[in-house]
Structure formats: C-alpha cells, structure tokens
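Working notes, structure below.
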Amino acid sequence: MPSLAEDFMLLVLDDESGRPVIDSVSLDHALAGAVLLELVNSGRVSPAGADDEDVKEGRLLVRDDSATGDAVLDDGLSRLEKKPVSAKRAVELLVKGTRVAVLGQLSTRGLITTEKSKVLGVFPRKSWPALDTEHEGRIRERLNAVLLRGEQADPHISSLVVLLSAIRAVHKIVEGDKSALKARAKEVAEGDFAGPAVKKAIASVHAATANVVVVSGGS
1 MPSLAEDFML LVLDDESGRP VIDSVSLDHA LAGAVLLELV NSGRVSPAGA DDEDVKEGRL
61 LVRDDSATGD AVLDDGLSRL EKKPVSAKRA VELLVKGTRV AVLGQLSTRG LITTEKSKVL
121 GVFPRKSWPA LDTEHEGRIR ERLNAVLLRG EQADPHISSL VVLLSAIRAV HKIVEGDKSA
181 LKARAKEVAE GDFAGPAVKK AIASVHAATA NVVVVSGGS
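Residue numbers (UniProt numbering): 1 to 219.
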C-alpha cells in the first residue's frame, strides 16, 4: 500500500509529462510534511505534553522507533529521534533526500518510470511519467468525493487535503471552483478526523509547510 508521501507525489506528477505541477520548494516541503504526518497519524511521533519532563510543550517526540517496514518512514524516524523539535524544524530535517527516495519507491512499485532528456539539448532533466494509474485514480476519486460532493474523509484523505491546502495546490489537483475548493479543504483540514493531540501536531505541520510556501512565493 503506497504511503501518504507516495500518494501525494502521484497526485502532483502530471501523468503524461512526468513533471510536477507545483514548484520544487513546495514539493520537497510537502513531502517532508507527508512523512511527518504519517508518523503522527500512526502514533510514532506526537507533541510533548505536561507529563513530558524537561521538554517544551508542543515539541515533537518520537514515541515508538521500531521499524515501520517503509524505508522513507524509518529514515524519518531516525532523523527525529535525536531530540524533541518543533514541527517547523522537523519538516526541515525531513526534506533532504525524501523526494528521490519516494520517487524510487514509486518506480519499484511499477507506478512510474524515469525518463532522462536535455533542455535545449544541453541541460539534463528527469521526468517521471505514469506507468500504472489505477491506484492514483482511486485516490483522485476519493478526493473528488470529499472536496466536490461533501463526503466524509478518512484520515489518509484528510492528510492529503491538509498538505495540498498548505501549499495552496488543491485547485491544481481537483477541478472545480477555486474559492469553493479552498473553503471545503479548510473545513476538512480542521475536521474531527484525529484526536486533540494529533490535531495539534497536524496543525503545526500545516503551518510549518505553509510558511515555506509563503516565503518562497509558491502558489
């Protein structure tokens, strides 16, 4: 089963051209956010509370560092377990190498392929067109059901909406009125798909990812 980061990557890659429909800064930080959200959703990472002595409340702590079976998530755990960090810092720690690793996993699954070309016959460029769109199609249909038809979102889809909303890219993935999509995405992102502690961490990841987009000028 593809991870949250893999599903996010499939959504933002154009199936035919194999190029992302969002800018590189937004992509890398959203993927890092996806890894962090999956670790939060699974209970492996959560915010420090009043019972966590000598740790600033709200800092993210690794609660369970056992192997997940996913190389990207396991690498993420190893980067975060050294000391408690803010969500913003956690996203920064998870950026490096995540895109390459996620693309590698999707390639191994047979969902995308890697193509190499040159821009103007000189500058090397890679693209990742789709090989198998069946799984991506199911994810897109679930997103459409939630964002266009008002259906209930499960935690996985809600997390994808959180990430797309953070980088202001909902309208690039789902066709519809931009304002209406933005409003519905906000409603989903703030919904009751997680408990209070997890919601607090998710809100922090959303803010940390969105802040990077604002600074970089992404849209």
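C-beta atoms are modelled at their ideal positions from N, C-alpha and C, and glycine is treated no differently. As the structure is a computational prediction, the values presented were derived from the model and not from experiment.
| query | result |
| --- | --- |
| At least three beta-carbon pairs within less than 8 Å, the stretch 109 to 129 to the stretch 1 to 13 | yes |
| Under the three-state DSSP convention, the category L60 falls into | strand |
| Limits of the unbroken alpha helix (DSSP H) element including P155 | P155 to A166 |
| Neighbourhood of V205 by C-beta, 6 Å cutoff - its chain only, sequence neighbours within 5 removed | G33, L36, L37 and A87 |
| Beta carbon of A201 nearer than 8 Å to that of P47 | yes |
| Close-in-space but distant-in-sequence residues of the same chain around A169 (CB under 6 Å, 5 per side omitted) | I22 |
| Collapsed DSSP secondary structure at L36 in the structure displayed | helix |
| Sequence-distant residues of the same chain with beta carbon closer than 8 Å to L106, five excluded per side | P2, E6, M9, L10, I112 and W128 |
| Nearest candidate by alpha-carbon position, reference K172, set R140, R63 and A145 | R140 |
| K82 to G69 span [Cα, whole Å] | 20 Å |
| Segment contact, 8 Å Cβ cut-off, at least three pairs: the stretch 47 to 61 with the stretch 143 to 160 | no |
| Residue interval of the alpha helix (DSSP H) (run including R138) | E134 to L147 |
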